[in-house]
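All remarks here apply to the structure that follows.
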């Protein structure tokens, strides 16, 4: 939505004057000529070489030296500025004609856009270096390798002892292994660059794979564990000597503890960088892959403790009932974790809004822009891992846009017209 009122007339007149180069354009611009020339009437060597295609030997003579702050913000260094009129006439001598100059010189607006694209690329590289999702692939890969070893130990011990709790834990480790394999595939797939079919990229694949992992844990991990626990209660069986069960649980605790420690350390690092608590970081699913590994490993360590208690009670009481109850408790634990994973990832895929403080900050910055009169119908949603979409309808101030256009393009227009002597124009004050 754009409300221009008197501005369309001004822009239409501006467009006609730019095409025809009539004297009326310069009568309109003379009011603010002096001040604009004082600011934009000169340029430095970099712009001369890039925008006008001139070498050092082609630079105009008699530059105007100025003192500018260096990057250290402490010392100063000299910089030579050249008048745009001298630069333009020198460029005409070098290239031979206006057409040849225009074919080699990038327009001012194109130069601005290219610099903006370059800045976006630098920003993207900085984000990738400090990304909250960087390091998740390493954590997931470590968890995958450890869970493979853990599942093998638990299956062997469950086969030799007949323990329902160990079998439930073996199923748990198997589902964790499959889940982390899916997460690794999602991480690799989400790193693909945007294309015509998916212009916003593949960042949501992490949420998709995390959702699949949650569904798998719910269906197989939770379901099978509860089923075998109930089956053990209804049809109790004699337990074999449980020495192997203790060995397997000890190894499992080492495997799962190592994986959980790596995930927990990564979450602490990312939450500190984001400036939020660990609980809020997990709740917001800033990195779903990392959160899934952390929750799965936490549940695995808790499951090992439950299985150890159940096996110990069964050994002391010489009854399979505690072991079967332990299997049911492990299934309930897996169901709780899976429910949280499914709920948080589904909310992101549906399109959860950004925090209100972030939206308010963006709207405030837009309202502070002199070109924008007002902001309406604001919608801000999370698009993927560290990606967001912001939509708003802006009411532009046409007069401010016109003044900004003249402010940036006046010198080029005057030089092309070649009918005004820039040094002979007094410097008037600009009205509102």
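Numbering (full-length UniProt numbering), first residue to last: 1 to 432. In this text, a Cβ means the ideal position worked out from N, Cα and C, and glycines have one as well. The structure presented is a predicted model; accordingly, all values stated were derived computationally and were not measured.
- Tell me, please, which residues DSSP counts as bridged to residue 393. 376
- Item | Continuous alpha helix (DSSP H) assignments of at least 4 residues falling wholly in the stretch 295-338 | none
- State the Cα-Cα distance for the pair residue 160 and residue 240, rounded to the nearest angstrom. 7 Å
- Message: Does residue 214 pass the burial test, meaning 16 or more other C-beta atoms within 10 Å, or should it be called exposed?
- Response: buried
- Task: Assuming residue 345 and residue 252 form a contact by the criterion Cβ under 8 Å, report the distance between their Cβ atoms to the nearest whole angstrom.
- Result: About 27 Å; that fails the 8 Å criterion.
- Helix or strand or just coil, what does DSSP make of residue 191? coil
- Item | 7 Å CB neighbourhood of residue 170 in its chain, flanking five on each side removed | 151, 154, 155, 158
- Task: May I ask you to verify whether the stretch 259-274 touches the stretch 362-375, counting CB pairs closer than 8 Å and requiring at least 3?
- Result: no
- Under the assumption that residue 380 contacts residue 349 (Cβ atoms under 8 Å), give the Cβ distance between them as a whole number of angstroms. No, residue 380 and residue 349 are not in contact; Cβ-Cβ is about 16 Å, not under 8 Å.
- Message: Taking 8 Å as the threshold (C-beta atoms), are residue 173 and residue 331 in contact?
- Response: no
- Task: Evaluate residue 272 with the Cβ neighbour count: other Cβ atoms within 10 Å of its Cβ, from every protein chain shown; 16 or more gives buried, anything less gives exposed.
- Result: exposed
- Message: DSSP has residue 382 in a bridge; who is on the other side?
- Response: 388
- Message: With the cut-off set at 8 Å, would you say residue 206 and residue 190 are in Cβ contact?
- Response: yes
- Task: Can you give me the start and stop residues for the alpha helix (DSSP H) that residue 149 sits inside?
- Result: 136-161
- From which residue to which residue does the alpha helix (DSSP H) around residue 216 run? 205-216
- As assigned by DSSP and simplified to three states, the class of residue 353: strand
- Task: Look at the Cβ atom of residue 228, then the Cβ atom of residue 168, and state whether they are nearer than 8 Å.
- Result: yes
- Look at the alpha carbon of residue 378 and the alpha carbon of residue 407, and state the distance between them as a whole number of angstroms. 30 Å
- Counting pairs of Cβ atoms below 8 Å between the stretch 319-327 and the stretch 293-311, do you hit three or more? yes
- Taking 8 Å as the CB-CB cut-off, is residue 163 touching chain C? No chain C is present in this structure, which holds just one protein chain.
- Query: Going by other Cβ atoms of all chains shown within 10 Å of its Cβ, with 16 needed for buried, is residue 445 buried or exposed?
  - Reply: Lying before the first or after the last residue shown, residue 445 is absent from the chain, which here runs from 1 to 432.
- Query: Applying the criterion that 16 or more other CB atoms from any shown protein chain within 10 Å of the CB defines a buried residue, is residue 197 buried or exposed?
  - Reply: exposed
- Item | C-beta atoms of residue 216 and residue 178 nearer than 8 Å | yes
- Message: Helix, strand or coil, according to DSSP, for residue 368 in the structure here?
- Response: coil
- Sequence-distant residues of its chain with Cβ nearer than 8 Å to residue 186 (five each side left out): 205, 206, 208, 209, 210, 289
- Task: Determine the DSSP secondary structure at residue 287, reduced to helix, strand or coil.
- Result: coil
- Task: State the Cα-Cα distance for the pair residue 108 and residue 188, rounded to the nearest angstrom.
- Result: No answer about residue 108 holds up, because its pLDDT of 41 lies below 50 and its placement is not dependable.
- In chain order, what residues of the same chain lie with their CB nearer than 8 Å to the CB of residue 200, ignoring the 5 residues before and after it? 194, 383, 384, 387, 389
- Alpha carbon to alpha carbon, how far is residue 358 from residue 402? Give it in angstroms, no decimals. 31 Å
- Message: Just to confirm the assignment, what range does the alpha helix (DSSP H) spanning residue 201 have?
- Response: Counting along the chain, residue 201 falls outside any alpha helix (DSSP H), and DSSP gives it neither H nor E.
- Message: Rounded to the nearest angstrom, what separates residue 246 and residue 347 at their Cα positions?
- Response: 41 Å
- Query: CB-CB under 7 Å to residue 144, same chain, minus the five flanking residues each way: which ones, in chain order?
  - Reply: 177, 180, 181, 184
- Relative to the C-alpha of residue 233, which residue among 268, 258, 351, 328 is closest? 328
- In terms of alpha-carbon separation, which member of 300, 244, 337 lies closest to residue 218? 337
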